[in-house]
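Undergrad: First to last, the protein sequences are chains X and S.
The first sequence begins at 1 in the numbering used here and counts up by one.
The second sequence begins at 350 in the numbering used here and counts up by one.
Don't be surprised by glycine CBs; every beta carbon is placed ideally from N, CA and C.
Treat the numbers as computed from the prediction; the structure is a model and nothing was measured.
Can you keep this structure in mind? I'll have questions shortly.
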Amino acid sequence: MSPARTARSAWIARYGVVLALVALCAVAAVFAPGFFSFANASTILLHVSTNGILTLGMTFVIITAGIDLSVGSLLGLAGVLVAAALTAPGLIGAVGVGGAAVIAALIGLAAGATAGVANGALTAFLGINPFIVTLATMTIARGAARLITGGVPIGFPPIGDPAFTRKVAALDALHGFGGGRLALPGSASGLPIPALVMLALVALGALTLTRTRFGRYVYAVGGNEEAARLSGVPVRAVKVGVYAISGACAGLAGVLLTGQLRSGGPDAGMLYELNAIAAAVIGGASLMGGVGSAWGALTGALLIGVLNNALDLIGVQAFWQEIAKGAIILLAVLFDVWTKQRNGGSAHD
Amino acid sequence: MTLLTLRGITKRYPGVTALDAVDLDVEPGTVHAIVGENGAGKSTLLKIIAGAATPDAGSVTWNGRPVTVQSPREALGRGVTVIYQELALVPALGAAANIYLGMEPRRRGLLDRGAMRAGAAAALADLGLLVDPDRPVQELSVAQRQLVELARALVREARLVALDEPTATLTAHEVAHLVAQIEWLRAKDIAVIFVSHRLDEVRRLADTVTVLRDGRRAWSGAAHDIDEPTLIRTMVGRDVVFERRPPGRPPAPEPFLSVRGLSRGWVRDVSFDVARGEILGLAGLVGSGRSEVARLIAGIDRPERGTMTLGGGPYRPRAPADAIRAGVVYFPEDRKQQGLVLGMRIRENVTLAALRRVARRGWIRPAAERDVAVAAAARADVRPPDVERRAAHLSGGNQQKVVLAKWLLTDAEVCLFDEPTRGVDIGAKTEIHRQIRALADAGKAVLVISSELPELIALADRAVVLREGRVQGQVTGVLAPEALTALAFGAA
């Protein structure tokens with residue numbers, strides 16, 4: 001194969017998903033009424049933000065050749081803890097409405113990160129398969145969320161609650177974060193804050209992966225764990241790190257979702273882990289490890305979000321949307337196989 | 350009638366001729382031993398007999414008829430069973446299921462488990478192995494698993510059984526049992542091919558001996574026609590390819606790295622010293638424990654017993670990272686598995702073990718990393734010097750140079766090389782030898798493991814010979830190939 005063709009297929013391999021996203025947007029802009037508008041774009045970003053944040057954390061894990069099935073349940077558990085803290089009259093009394101919102105958010109983040117550290121430690125130090133470890137923590141976290149709530153969402157207080165006003169004020173305070181919008185000149189709606197959080201995190205994730213020692217170690221562990229260990233890479237610490245990041249992302253997504261909905265439900269985030277894995281794979285991450293990127297995670301999540309949105313606008317039934325999403329995952333994997341073959345059998349360009 | 354006849358068998362792999370016009374005649378009811386050094390072509394020959402490799406030239410005749418189709422299935426059908434060192438059993442299945450794998454008896458479309466159990470038990474009993482045929486073979490010892498493979502050959506009514514170094518990891522008692530079974534096979538008029546490094550066994554068991562050397566048949570004849578010293582000379586007898594150069598400066602008088610009583614698994618009580626400026630060869634056969642010793646020194650495995658000192662102080666690495674920090678690095682034997690992250694760029698591989706040098710507070714400085722990687726790749730003579738290429742796209746020699754560049758960057762004081770030139774072309778080999786000598790001349794303590802005697806002779810100032818996990822002896826001065834081989838084979 002000529003160098004030019006090799007270079008071209010390497011370029012296609014790298015930017016193929018972005019091209020697919022652009023093409024999808026172009027098709028949607030023509031056929032879906034109301035797609036091509038700022039308001040719709042900000043709606044898509046808001047809807048994508050949860051999955052985008054989960055996908056970013058998932059991508060770190062997948063690059064190390066791991067998997068994290070617990071993120072959906074951790075999102076649910078974190079959300080429930082956030083809502084419980086927000087509506088605890090004692091906490092509001094002690095630190096005020098704003099303080100309670102900050103503390104509740106930190107609790108959600110810490111819950112996700114702690115569970116992630118546990119996932120990583122069990123995987124790295126006991127050598128248990130991450131699929132099994134995170135399957136177990138997924139089940140435990142979901143059970144814990146239902147136990148705490150008694151099966152019903154925690155949120156808006158019943159009329160006649162003695163602390164009614166303060167609870168509503170605290171929920172509103174967090175809503176300013178999870179459901180707030182940043183005003184933009186010339187736009188009535190503004191940009192949703194969760195979308196901005198997602199974009200900032202993706203930028204931070206990209207810097208971490210490409211410019212830090214930790215990021216380099218993440219790729220090395222996934223590319224060849226044995227060679228990494230023999231090169232002095234602290235393999236176990238790296239693994240704990242990526243699961244902690246994934247857990248923290250799930251916790252943060254739980255905080256944002258609870259703020260947006262003013263409620264923490266025990267069943268929130270059900271099956272979100274599968275959406276995150278799908279988006280990571282569409283974004284170019286390889287379950288074999290060593291391959292993936294933060295911008296790819298964003299692209300994958302956006303592709304799914306734009307597809308859902310466009311099909312909604314056209315009026316396609318939700319069932320067809322699921323079939324379309326599955327087809328996209330298959331196409332992404334086929335595309336991956338195709339570009340690898342074109343690149344002379346290398347698994348990494 | 351001769352059962353198997355090979356004539357002019359030639360097999361080439363990229364860069365190497367594994368077999369060069371080899372002839373072989375195997376008679377039924379005899380034991381035919383094949384001996385030779387590591388890399389002499391024994392394994393390739395077995396593969397051709399098994400139908401697992403197709404010769405580039407030459408003919409195979411079975412029972413007087415030429416064999417045209419070469420495939421493992423076809424060879425099995427003729428009655429050829431090859432038992433490799435890495436046994437081909439499914440670990441979680443029992444002996445009965447393994448013995449009948451691919452030829453299961455059926456009754457009305459379902460497995461006839463009763464017939465399988467009975468047939469397997471009978472074959473195992475013939476071989477003196479009394480185990481439950483349903484017990485997963487992973488719970489059996491290596492010797493017992495070998496017998497399960499032999500039982501498979503019996504059930505298939507094999508007429509030729511080839512064993513690749515069957516005694517390499519057996520105890521004396523297990524060897525005696527296996528030898529008795531081989532003699533029983535011979536009595537049943539089955540032809541046995543027996544590849545071994547243990548010359549005493551070869552002389553005790555074999556009717557015929559074929560010596561391979563550098564892919565050619567160096568000698569073939571009746572076992573009683575050759576004595577052990579002649580056998581060793583025939584195996585080794587070749588020209589030294591690499592010119593030996595005198596050390597750039599004499600080694601330091603006092604030892605730098607001292608190893609005392611190092612033991613783990615089957616490595617037992619290994620002791621030696623290496624001085625700064627010295628290249629110590631670690632000789633011995635494959636499986637003699639050379640790599641295991643190097644891994645213990647490099648902190649990859651932890652010793653069960655024994656102590657090490659480095660520069661006079663205690664040295665107890667708990668992980669490779671500790672060893673690297675202390676200045677001890679290991680150039681692994683298998684660069685694809687242990688040396689490189691193939692999906693990463695040359696730059697990323699080269700700086701992996703010394704990332705702190707190009708990072709500040711955890712942030713990599715791209716310009717600094719690039720400069721360091723370019724300099725290291727140039728120093729190790731990586732060609733072309735494009736550090737943005739992926740390691741997967743490089744030739745074997747270049748990959749080894751990238752590993753070399755990575756470890757040169759750590760400025761280690763002790764360098765452990767495990768088969769540094771395996772599978773690389775002659776040009777890269779010369780360059781890697783130059784680098785190893787340069788390290789010693791720069792005052793590093795160097796240890797080289799190599800299965801190629803000419804390589805050890807060219808590089809090492811002194812050699813420690815291991816045999817079956819123990820130090821068998823030491824050779825100093827200009828290394829004599831006969832002395833090394835005699836120690837390695839335990840004949841001295």
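#1: So is residue 573(S) buried or exposed if we call it buried at 16+ other beta carbons inside 10 Å?
#2: Taking 8 Å as the CB-CB cut-off, is residue 231(X) touching chain S?
#3: Taking the straight line between their C-alpha atoms, what separation do you get for residue 118(X) and residue 136(X)?
#4: Quick one: what's residue 663(S) bridged to in DSSP?
#5: Going by Cα to Cα distance, which pick from 390(S), 792(S), 382(S), 370(S) is closest to residue 409(S)?
#6: Measure from the alpha carbon of residue 231(X) to the alpha carbon of each residue in 689(S), 543(S), 632(S), 556(S), then state which is nearest.
#7: Decide if the region 91-109 of chain X is in contact with the region 269-285 of chain X; the criterion is three or more beta carbon pairs, one per stretch, under 8 Å apart.
#8: Note down, in chain order, every chain S residue with its Cβ under 9 Å from the Cβ of residue 228(X).
#9: Does chain X have any CB closer than 8 Å to the CB of residue 588(S)?
#10: Please return the same chain residues whose Cβ sits closer than 7 Å to the Cβ of residue 707(S), not counting the five positions on each side in sequence.
#11: Using the DSSP secondary-structure output, state which residues sit across from residue 571(S) in a beta bridge.
#12: For residue 661(S) and residue 612(S), what's the separation of their Cα atoms in angstroms?
#13: Exposed or buried, which one is residue 478(S) when buried takes at least 16 other CB atoms within 10 Å?
#14: Let me know the secondary structure DSSP gives residue 157(X) once reduced to three states.
#15: Could you tell me whether any Cβ in chain S is nearer than 8 Å to the Cβ of residue 290(X)?
#16: In the DSSP assignment, the alpha helix (DSSP H) including residue 533(S) goes from what residue to what residue?
#17: Quick one: any contact between the region 443-455 of chain S and the region 498-515 of chain S, if contact means 3 or more CB pairs under 8 Å?
#18: State buried or exposed for residue 735(S), treating a residue as buried only when at least 16 other CB atoms are found within 10 Å of its CB.
#19: In chain order, what residues of the same chain lie with their CB nearer than 7 Å to the CB of residue 262(X), ignoring the 5 residues before and after it?
#20: Using the C-alpha atoms, what's the distance from residue 99(X) back to residue 168(X)?
#21: In chain order, what residues of the same chain lie with their CB nearer than 6 Å to the CB of residue 79(X), ignoring the 5 residues before and after it?
#22: Which of helix, strand or coil does DSSP assign to residue 640(S)?
#23: Do residue 350(S) and residue 426(S) have their C-beta atoms closer together than 8 Å?
#24: Could you say which of 580(S), 422(S), 752(S) lies nearest to residue 681(S) if we only look at CA atoms?
#25: Find the nearest neighbour of residue 45(X) within the set 193(X), 19(X), 159(X), judged by alpha-carbon distance.
#26: Under the rule that 16 or more other beta-carbon atoms within 10 Å means buried, what is residue 344(X), buried or exposed?
#27: What separation, rounded to the nearest whole angstrom, lies between the Cα atoms of residue 795(S) and residue 683(S)?
#28: Is it buried or exposed for residue 362(S), if we count other Cβ within 10 angstroms and need 16 for buried?
#29: I want to verify the contact list: residues of chain X whose CB lies under 7 Å from the CB of residue 713(S), in sequence order.
#30: Determine the extent of the alpha helix (DSSP H) in which residue 411(S) is found, giving its start and end residues.
#31: Can you grab the Cα-Cα spacing for the pair residue 134(X) / residue 789(S), in whole Å?
#32: What did DSSP end up calling residue 433(S) once you bin it into helix, strand or coil?
#33: Does the Cβ-Cβ distance between residue 375(S) and residue 540(S) come in under 8 Å?
#34: Can you list the residues of chain S that residue 223(X) reaches, using a CB-CB cut of under 8 Å?
TA: This is what the structure holds:
#1: exposed
#2: yes
#3: 11 Å
#4: 658(S)
#5: 370(S)
#6: 689(S)
#7: no
#8: 690, 701
#9: For residue 588(S), the predicted structure reports a pLDDT of 47, less than 50, and the residue's modelled location is therefore unreliable. A value from the coordinates is still provided. No, residue 588(S) lies away from the interface with chain X (no Cβ there is under 8 Å from its Cβ).
#10: 700, 713, 714, 717, 718, 721
#11: 557(S)
#12: 21 Å
#13: buried
#14: coil
#15: yes
#16: 521-536
#17: yes
#18: exposed
#19: 155, 156, 171, 175
#20: 14 Å
#21: 254, 257, 258, 264, 268
#22: helix
#23: no
#24: 752(S)
#25: 193(X)
#26: Confidence at residue 344(X) is low in this model, with a pLDDT of 43, below 50, so its placement is unreliable and the value that follows should be read with caution. Residue 344(X) should be labelled exposed.
#27: 19 Å
#28: exposed
#29: 211, 212, 213, 216
#30: Taken as a continuous stretch (DSSP letters only), residue 411(S) belongs to no alpha helix (DSSP H), being part of the beta strand (DSSP E) at 406-411.
#31: 50 Å
#32: coil
#33: yes
#34: 690, 691, 692, 693
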